[in-house]
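**Student:**
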RNA sequence: GGCCCGUUCGUCUAUCGGUUAGGACGUCAGGUUUUCAACCUGAAAAGAGGGGUUCAACUCCCCUACGGGCUGCCA
């Protein structure tokens, strides 16, 4: 029997939730949720100069929007500093660490000459084996005693076994001379104390794993399962940076991608399960596994994101889609919808959801359902409402008046009307669309009529005709 | 400089020694059509380079090239 899975996401609160970080969080979430485990959240706020509460709030907000719920309280790494220091002193007492009195200037000088002479820059402290009786009464750091020979094997579920010779490891600093812990110590202690069983993080930490293992081993703690995943790159294959735009998840929210689509796209980026492309959360959780994660960095592809997003919008239940669409609208600062607008939007959902890949696209096509009279056609729609067309609409109105307002009946009446005049239905569709929606890209004219109802439909047709004849 | 990781169609990927190297997005050409989208059919499109190992290599090993990471009293 395996111990229950515990994963964690541990961002530094120095800005928004980065898209790459979001994917790391997603992988941790999927792995834990798929195995009935826990997904914890820890904020690595030990860098007091760069950490801000606003950034923490932005990260939590981003995770929440993405639908990645975490278990338990959010842990602050900074608040655990005393515990980290305890571990360092514990190691000191056990003889597995030592006080180093070398000054930073000394070390810098050493590294400078080492570099100039093209020798290894790993610093070997002379204090490692110094007699405590000879220790000066001076500021010092606490360094761990790195293993002197042999090698460390990082058993990584993504990268495979990575072997690092121990002579590549130095006696790293655990506690600074001001008594504060360094990151390397803090992560290990926190992960251990939080019971983290699987560390899934960016592969920029791969080499650090060997360093961190020194602490696990010195404390005789279980080493977690490692999974170092490649970072996401921009469309050009370069590391993601500001010039790629859209770095924070809130930007994707603002662009109108549904969270479910983002999850699917991000999951599929660098991970695969056969030929499956579009899947539900339940499927993703059931299928997700560390071994299937690719080892090469994947590039962001907005075209594919659009597609995946559109597939999810098309598959969402009408009520849920309405809810998300309204939430999106709210996030743009638009005024709240009226009851009538909401009703019409919901009624139109079946006709809207497979024509849109993002919420803005959906809303654009839902324009007819959200406006009142007069519709105020845009330029392209106005062109379709010429004199001849308006006259035709005027003549069509009585035919529609008598229809039972079922799709079949409206369609039949319109077809009959067209046939009587010897015109193609396509001749009618344009003006009809323009009169009803004031736009040229909309759902089917019949579907719009059904959503609007007889009175509103006839009124809009009348408006268009009247406007034209009246103005002329 | 030292150490570590990576490299299959434009992009995301499948393949876990033997396949006409498969799928998806995108692209192109058709079809459907009431605009937009969706949908259907088809096409073009890939193993970084060089050595090995093997009857057989995308797959295993080595070298090179290119890309990335680590090498802090940053995280």
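In this note's numbering, the protein residues as written are 14 to 485. Beta carbons are placed, not taken as given, at the ideal position from N, Cα and C, and that holds for glycine.
Could you please give me the residues that DSSP links to residue 239 through a beta bridge?
**Tutor:** Here residue 239 is taken as the residue at index 226 of the first chain, counted from 1. Note: residue 239 sits in a beta bridge opposite 169, 212.
**Student:** Taking three-plus beta-carbon pairs below 8 Å as touching, is the region 196 to 212 in contact with the region 226 to 238?
**Tutor:** Yes: the two stretches touch, three or more of their Cβ pairs being nearer than 8 Å.
**Student:** Which partner residues of residue 261 appear in the DSSP bridge assignment?
**Tutor:** If you number the first chain from 1, residue 261 lands on position 248. Note: residue 261 sits in a beta bridge opposite 31.
**Student:** Could you pull the DSSP bridge partners for residue 312 from this structure?
**Tutor:** For this step, residue 312 is matched to residue 299 along the first chain. DSSP, once it has assigned bridges, lists 246 as partnering residue 312.
**Student:** What residue range is occupied by the uninterrupted alpha helix (DSSP H) comprising residue 378?
**Tutor:** Start at 1 with the first residue of the first chain, and residue 378 comes out as number 365. 372 to 378 is the extent of the alpha helix (DSSP H) around residue 378.
**Student:** Could you name the residues that DSSP lists as bridge partners for residue 54?
**Tutor:** Translated into positions along the first chain, residue 54 becomes position 41. Note: residue 54 sits in a beta bridge opposite 22.
**Student:** Taking only three categories from DSSP, how would you classify residue 131?
**Tutor:** Translated into the one-based positions of the first chain, residue 131 becomes position 118. It is coil, neither helix nor strand.
**Student:** Would you check if the region 56 to 74 and the region 150 to 170 touch, i.e. whether three or more CB-CB distances between them fall below 8 Å?
**Tutor:** no
**Student:** Applying the 10 Å Cβ sphere with the 16-neighbour rule, what's the burial state of residue 271?
**Tutor:** Taking the first chain and counting its residues from 1, the one referred to as residue 271 is at position 258. Buried.
**Student:** Do you know how far the Cα of residue 428 is from the Cα of residue 275?
**Tutor:** Counted from its first residue, the first chain places residue 275 at position 262. Counted from its first residue, the first chain places residue 428 at position 415. Their backbone Cα atoms lie some 43 Å apart in a straight line.
**Student:** For the region 113 to 123 against the region 150 to 160, do three or more pairs of beta-carbon atoms, one drawn from each stretch, fall closer than 8 Å, so that the two count as touching?
**Tutor:** yes
**Student:** Round the Cβ separation of residue 282 and residue 311 to the nearest angstrom and send it over; I've been treating them as touching at under 8 Å.
**Tutor:** Residue 282 sits at position 269 when you count from the first residue of the first chain. Residue 311 sits at position 298 when you count from the first residue of the first chain. Their Cβ separation, rounded to whole angstroms, is 5 Å, which keeps residue 282 and residue 311 in contact under 8 Å.
**Student:** I'd like to check one pair, residue 75 with residue 261: are the Cβ atoms closer than 8 Å?
**Tutor:** As a first step, residue 261 must be located in the first chain, where it is residue number 248. As a first step, residue 75 must be located in the first chain, where it is residue number 62. Cβ atoms of residue 261 and residue 75: closer than 8 Å.
**Student:** Span of the beta strand (DSSP E) holding residue 157?
**Tutor:** The residue you call residue 157 lines up with position 144 of the first chain. Its beta strand (DSSP E) spans residues 154 to 157.
**Student:** Residue 436 by DSSP, collapsed to three states: which one?
**Tutor:** What you label residue 436 is simply residue 423 of the first chain in a count that begins at 1. Residue 436 falls in the coil class under three-state DSSP.
**Student:** Does the beta-carbon distance from residue 56 to residue 17 come in below 8 Å?
**Tutor:** Here residue 56 corresponds to residue number 43 of the first chain, with the count starting at 1. Here residue 17 corresponds to residue number 4 of the first chain, with the count starting at 1. In this structure, residue 17 does not lie closer than 8 Å to residue 56 by Cβ.
**Student:** In angstroms with no decimal places, state the Cα-to-Cα distance between residue 459 and residue 422.
**Tutor:** Indexing the first chain from 1 puts residue 459 at position 446. Indexing the first chain from 1 puts residue 422 at position 409. Taking the straight line joining both Cα atoms gives about 10 Å.
**Student:** Between the alpha carbons of residue 474 and residue 408, how many angstroms are there, rounded?
**Tutor:** The sequence position of residue 474 within the first chain is 461, counting from 1. The sequence position of residue 408 within the first chain is 395, counting from 1. Cα to Cα, residue 474 sits roughly 10 Å from residue 408.
**Student:** Are residue 369 and residue 323 closer than 8 Å when you measure CB to CB?
**Tutor:** As a position in the first chain, residue 369 is number 356, starting the count at 1. As a position in the first chain, residue 323 is number 310, starting the count at 1. Yes, the pair counts as a contact, with Cβ atoms nearer than the cut-off.
**Student:** Taking DSSP as the reference, what is the three-state secondary structure of residue 195?
**Tutor:** Against the first chain, residue 195 aligns to sequence position 182. The answer is coil: DSSP assigns residue 195 none of H, G, I, E or B.
**Student:** Flag this pair as touching only if the region 175 to 189 and the region 119 to 131 have three or more C-beta atom pairs under 8 Å; answer yes or no.
**Tutor:** Counting Cβ pairs under 8 Å, fewer than three are found: no touch.
**Student:** Could you compute how far the alpha carbon of residue 413 sits from the alpha carbon of residue 366?
**Tutor:** Position 400 of the first chain holds residue 413. Position 353 of the first chain holds residue 366. The straight-line gap from Cα to Cα measures roughly 27 Å.
**Student:** With DSSP as the reference, label residue 111 as helix, strand or coil.
**Tutor:** Translated into the one-based positions of the first chain, residue 111 becomes position 98. DSSP places residue 111 in strand when its eight states are reduced to three.
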